[in-house]
Amino acid sequence: MSTRSKKTASSAGTHDRSAVIQWLALVVVAILALIAAFVLFDSDSGGGHSGAPAVVREA
1326 MSTRSKKTAS
1336 SAGTHDRSAV
1346 IQWLALVVVA
1356 ILALIAAFVL
1366 FDSDSGGGHS
1376 GAPAVVREA
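The working numbering numbers the first residue of the sequence shown as 1326 and each following residue consecutively.
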């Protein structure tokens, strides 16, 4: 195998690995975004605290 062919094959392997890492990072970010959306916009949770301060009236 010539030097040029070896270099091309090596570069192709490195490029494939980089592409896989980029796709995995994209998938991880998408999953985290979905989790954040469910946590932040979960309005059907029933009770719970609305974030407003409690009002305590003494008689």
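Every residue gets a Cβ at the ideal spot worked out from N, C-alpha and C, and that includes glycine.
Alpha-carbon to alpha-carbon, residue j and residue i
i: residue 1376; j: residue 1338; result: 52 Å
i: residue 1354; j: residue 1382; result: 47 Å
i: residue 1352; j: residue 1367; result: 22 Å
i: residue 1365; j: residue 1359; result: 10 Å
i: residue 1341; j: residue 1361; result: 30 Å
i: residue 1386; j: residue 1363; result: Coverage of the chain is limited to positions 1326 through 1384, which leaves residue 1386 absent and any answer about it impossible.
i: residue 1347; j: residue 1356; result: 14 Å
i: residue 1343; j: residue 1350; result: 11 Å
i: residue 1345; j: residue 1380; result: 54 Å
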